[in-house]
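What follows is one structure encoded as structure tokens, with my remarks underneath.
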Amino acid sequence: MSLKLRDLIRKVRACKTAAEERAVIAKESAMIRTAIREEQEHYRHRNVAKLLFMHMLGYPTHFGQLECLKLIASPHFPEKRIGYLGMMLLLSEEADVLMLSTNSLKNDLNSKNKFIAGLSLCTIGNLATPDMSRDLAPEVDKHLKAGMPYLRKKANLAMARCLTKCPDMVEDFVDRVVTLLKDKNHGVLITVVQLMTQVLMIDLKNAEEEGENPFDTDCRKAFLRLVPMLVKMLRNLLGSGYSPEYEVAGISDPFLQVQLLTLLRLLGAKNEKASEEMNDVLAQVATNTDSSKNAGNAILYECVQTVMGIESEDGLRVLAVNILGRFLLNRDNNIRYVALNTLSRCIVEQQQTDDGSIPTDSANTASAALQKHRNTVVDCLKDPDISIRQRALELIYYMVNQENVESLASELLNYLVLCPREHRRDICTRIFRVVEKFSPDDRWRVDTLITMLTIAGREASRDVQSATIIYISRSPPDIHAYATHKLVKAIRDDDGTQRGLLVVGIWCIGEFGDLILNPYTYTPMARSDDPPNSVPVSITFEALDCVSVVKAIQAVVERHSCPLFIKERALTSFAKLSDRFSDKGDANALEMIQKLIKKHDMSHSLELQLRACEYDSLINACKGIKTSISKPSGEEDLFGVTGGADNGSVSASVIQAAKEALSRMPVVDLKVLQKKQSDTFGSSPMTRNADVVNNPAGDGGGDLLDLNDMFGTPAPTQNGSSGTGAPKSDMDLLTDIFAAQPAPAAASSAAGGGGYDPFSAPVPQSNSVPAGPANPLDIFGAAPAMPAAAPTLQASNPLDVFGAPPAISQPASSSDMNDLFGSTPASTGSAQTMNPAVNSGPQSVVVPAFNHEGLTIEFECLKPEVWNKQNSVLIAKCKNAAPDALYGFNLQCAVPKYIIMEMEPPSSTTVPVTGANNSTIVTQKVKVTNTRLGEKNLVLKLKVSFTLQGKKVEHMATCSGFPSGDY
Amino acid sequence: MPISFLLMVNKQGQTRLSSYYEWISMVERSALESEIIRKCLSRSELQCSFVEYRGYKVVYRRYASLFFIVGSRLSKDGNDNPENELGLLEFIHNLVETMDKWAGSICELDIMYQLEQVHFLLDEMVMNGHIVETNKMNVLRPLDLMERESQKAESMYR
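Going down the list, the sequences are from chains A and B. Going by our numbering, the first sequence opens with residue 1, and the numbers climb by one from there. Going by our numbering, the second sequence opens with residue 968, and the numbers climb by one from there.
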């Protein structure tokens, strides 16, 4: 025999481990199943009670479902009772057995015993399916009219369930509520009000589905007529002593009041008349409710929401916001929480409504009133409860405007210091947005951003870092000096962990290093809120000498913890400093710089090594010295070959070019910034931008940010297409040296096409100059013909010339570097070129293209460059199977926009009859670059014309047989 | 939005009573219960009584060693018609007071050993997530009458 319920519970409690408990339950389940199988009626309801307990503990109880149904059919009340309870707890709405209960439910609804009818109503209210609702609604309806309040209140909610399940029944039902609203019993009232709320929501949904105006349905109209009645009810509740038995803390039935206010909110929404009718009573609730207890605050809170949700008068709205203001001052955290929540909801809704349009006076009231409580909200930032702080923070973003930006931003910065690490990144982004949008002047903006990076440079996202750089570079020279002075100081004070600060600081020192050699004094203007007699405090930075500037960066780089990307930036910064300091007459500093750069020319990092060598050459070039590089004997002297100079000096034009490469950048076009921000920050202020940051410099634009572009300006003649490349190239240079963020962002914009896109133009360059990163020689005036010698030159790539160990092939390292020069594909490529095996046999594919009048054209497809799969060379092989030779052969090709094509002339315009050994075929070379390789395939449209036996032939064909994905 | 579930959980994280007003699978229930109680336990007295969890607004209140937890679904966009959190808090208190009156001074063991009785009480107060009755006498009187009705037939499950 199975245990008694009490014994089971006791036994389970005595279990020390979960395994023990499982064993007890398993044993008991088995017993119960046996009892069920043997139809032990006597123990049925005891067993179901045990199942309830087991169900609560999370054990399976499905085998007991039918037992519940058997119990509800029992004539005995205790069995019925436990049966219904079992049904409500154990069965889901989807359970098939549920329909079996319909008949029992119907019988019990008609029972003379009010408790049995009550059980049935309760079960319908909790479980009814659409089918059951349809069957039982008439019976439930009878109880709505019945005399007993005990059943009427349950019938209300049972009906609400039925209507939710069968929305089409709503209309028949509307009239019934009028009489119910006159009821004296609060249980009936609170349920009928909830029923009406449900009905309105169902009606709203119905109307939306049928495309009607949801605010103009019959049901709503009928309910709107009841507004005065509801208002009266609420007013009655306000008078004390009206319903002593429902009083909570001196407030009569707060639950009913809350429900009434909810219903009024639904009715008053977008309805002037109804809103006006409830205006007075809402004001009364707002002013008369005692806010010392939670119950009163619940009502006030609901009242505020209603005021905000309906077409209420301005005065009322101000009243509501003031209530929230009072809430904010409350010591109870719960109340502050709801206040902050509601305030931000109000503001969001308001921003949605006057999105773009000029805000009307009434809409403005809420936020204007909110500004009054600014200090209170700011104080919430200092609360010990993190959820309060988070809410306050949300709200503050919405409150910032031109007038208060300075004080709020400083509060945000204060909070940044306190808040947990994981939130900092997000807050930085938000501070940046605020600063960007409302900043009163350049100095303040730069000041705030630098302070932010000093606090949270570690967490600030790369977008924020690079945008800070852009803002600094855009400000007037006076600010440049100010910012750089400030940054030098910040970097010296930092312990090397605020990497964002280091990135920005090192860039600025490199760019504006010459400006900090002078002392700097700034006297802030007297502010209106300063005391009138106070003497403005001026800020002075002492002049620095060259060596100490260099040492500041050196200290950063020489820390063990210094990551590679900082070192890369530092290297660029040194290179630029060498130019800035060149006329300061400080030979020590210059020598130190060059030493620091040279230190890296044996670095294990490919990128660092490469840059160190390049910058060294560049600096030497500026001085007019040709770089002499120790190289293994027997290596081809590339400088001799390509530079055209062998006498230890370089020409004036090269010096000029090298100097230009290191000189100060032009100011960033704001469009780039805006484009970048629309890409990364999204339109919604709440957008988290974490995933955007790591957007790799993928297709198309990725390999454009290589050295070709970087040195594009000084070597305008590097290839034929530089006509378009030159004017844009200083932008490229800029973005390149900008390092951190513009690269990925711009790359993605290049992929998107359209818009302002500085990167699309140079595509042809990288097409015809394949040895991208391995091509620093261009700056020394490399012969334009060099790229043509592609195959041989690639093998002896300049990395070897610089004495790189030939066996470093570590494409993985490129991921660290990609943001310095934004050239993942390029640097991987250079690593690949070092492995000659890869380069040995270009695979070729033969694609038939054309066959007409005896002329057959096939494309032999080659990939000339292993690292750049986008480029391919198609060799058209024309065979003539016609009886006579073809004259005046002309092949024309057209390609879609994403493909860049270059054709060479055919080997001959006459195609003789092709012999058996293919001796006399005519070839023509077509170079194509598929900029969207991987997404789109190479397609060519061919037009061939020739003269055969005096007859002119013209034929068009489409060739798309290239292996997909590769071409 | 009505109440989605009501839980009574002790400080050790053992559920003492659970009532769901929307169907959640058993697996999810135990996950939800244990995660919510962990969240509640990790909060100090000073912190507010509201937690947002998996699309639910969870309102909790602690009485001695027992947590009373009410969950209400947040609407999808999180904006319209949120359940009145303070109201729910007040309702929890009302429920506890009612239970207190019913059992003299309610404790964890009372709930455990009279599980079905507490469910009956709850059914008088909440139906399908909506509040039915908040007056203690109006809840307890029918309960008492029903109990007498049951006593007529011999009670077997004790």
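All C-beta atoms, glycine included, are put in the ideal place defined by N, C-alpha and C.
Taking residue i as the query, report the chain A residues whose CB atoms sit under 7 Å from its CB, ordered along the chain.
i, result
"MET1066 of chain B", "None at all; the shortest Cβ gap to chain A is about 16 Å."
"ARG996 of chain B", "GLY58"
"GLU1116 of chain B", "PHE77, PHE115"
"SER1009 of chain B", "Near SER1009 of chain B there are no residues of chain A at all, since even the closest Cβ is about 11 Å away, more than 7 Å."
"ASP1077 of chain B", "Those do not exist, as ASP1077 of chain B stays about 12 Å from chain A at its closest Cβ, beyond 7 Å."
"SER1032 of chain B", "Result: empty, since nearest Cβ-Cβ is about 15 Å, beyond 7 Å."
Let me check understanding here. Comparing Cα to Cα, which of the options lies closest to residue i?
i, options, result
"ILE335 of chain A", "B:GLU1000, B:GLU1075, B:LEU1008, B:CYS1015", "B:CYS1015"
"ASP616 of chain A", "A:HIS604, A:LYS599, A:LEU606", "A:LYS599"
"LEU393 of chain A", "A:ALA467, A:ASN404, A:GLU411, A:GLU406", "A:GLU411"
"MET1113 of chain B", "A:SER466, A:ARG389, A:GLU79", "A:GLU79"
"ALA885 of chain A", "A:LEU891, A:LYS869, A:ILE899, A:THR910", "A:THR910"
"LEU316 of chain A", "A:LYS293, A:LEU340, A:ASP280", "A:ASP280"
"LEU144 of chain A", "A:GLU276, A:PHE438, A:THR191", "A:THR191"
"SER466 of chain A", "A:SER573, A:ASP203, A:GLY505", "A:GLY505"
"ASP1090 of chain B", "B:ASN1105, B:GLU1050, B:ARG1021, B:GLU1116", "B:ASN1105"
"THR102 of chain A", "A:GLY854, A:ASP131, A:TYR415", "A:ASP131"
"GLN870 of chain A", "A:LEU891, A:SER907, A:GLY965", "A:GLY965"
"GLN65 of chain A", "A:PHE77, A:LEU85, A:GLU660", "A:LEU85"
Span of the beta strand (DSSP E) holding residue i?
i, result
"LEU984 of chain B", "982 to 987"
"TYR1023 of chain B", "1023 to 1030"
"ASN977 of chain B", "970 to 977"
"CYS959 of chain A", "951 to 959"
"SER872 of chain A", "871 to 880"
Using the beta-carbon of each residue, which ones in chain B are nearer than 7 Å to residue i?
i, result
"PRO130 of chain A", "Simply none; closest approach about 15 Å."
"LYS154 of chain A", "MET1094, VAL1099"
"PRO254 of chain A", "GLU1057"
"GLN194 of chain A", "HIS1097"
Determine, for residue i, whether the minimum Cβ-Cβ distance to residues of chain B falls below 8 Å.
i, result
"GLU67 of chain A", "no"
"VAL763 of chain A", "With a pLDDT of 36 at VAL763 of chain A, under the threshold of 50, the predicted position of this residue should be treated as unreliable, though the coordinate-derived value follows. Not one chain B Cβ lies under 8 Å of VAL763 of chain A."
"LEU329 of chain A", "no"
"LYS270 of chain A", "no"
"ARG6 of chain A", "yes"
"HIS186 of chain A", "yes"
"VAL285 of chain A", "no"
"GLY125 of chain A", "yes"
"MET956 of chain A", "no"
Strictly below 8 Å CB to CB, what residues from chain A border residue i?
i, result
"LEU1013 of chain B", "ASN333, PRO384, ASP385"
"LEU1112 of chain B", "PHE115"
"LEU984 of chain B", "MET56"
Which residues bound the alpha helix (DSSP H) around residue i?
i, result
"ILE32 of chain A", "18 to 37"
"LYS145 of chain A", "130 to 145"
"LYS165 of chain A", "149 to 165"
"SER1106 of chain B", "Ser is not the amino acid found at residue 1106 of chain B; the sequence shown has Val there. Counting along the chain, the alpha helix (DSSP H) containing VAL1106 of chain B begins and ends at 1103 to 1119."
"SER104 of chain A", "102 to 109"
Nearest chain A C-beta to residue i closer than 8 Å, yes or no?
i, result
"ILE1098 of chain B", "yes"
"ARG1005 of chain B", "no"
"TRP990 of chain B", "yes"
"LEU1053 of chain B", "yes"
"TYR1080 of chain B", "yes"
"LYS978 of chain B", "no"
"SER971 of chain B", "no"
"SER1039 of chain B", "no"
Does residue i have its Cβ less than 8 Å from a Cβ in chain D?
i, result
"PHE53 of chain A", "Included in the structure are the protein chains A and B, with no chain D among them."
List the residues of chain B that residue i touches, going by C-beta distances under 9 Å, in chain order.
i, result
"THR191 of chain A", "MET1094, HIS1097, ILE1098, VAL1099, GLU1100"
"ARG225 of chain A", "By Cβ distance, chain B contributes nothing, its closest Cβ being about 23 Å from ARG225 of chain A, past 9 Å."
"ARG81 of chain A", "GLU1083, PHE1087, MET1113, GLU1116, SER1117"
- Write down every uninterrupted run of the alpha helix (DSSP H) in the stretch 169 to 218 of chain A whose length is 4 residues or greater and which is fully enclosed by it, in chain order. 176 to 181, 186 to 210
- Message: Quick check on the DSSP output: what are the complete alpha helix (DSSP H) runs of length 4 or more inside the stretch 480 to 557 of chain A, in order along the chain?
- Response: 499 to 512, 546 to 557
- Enumerate, from N- to C-terminal direction, the unbroken beta strand (DSSP E) stretches of 3 or more residues contained entirely within the stretch 392 to 473 of chain A. Fully enclosed beta strand (DSSP E) runs of no fewer than 3 residues are not present anywhere in the stretch 392 to 473 of chain A.
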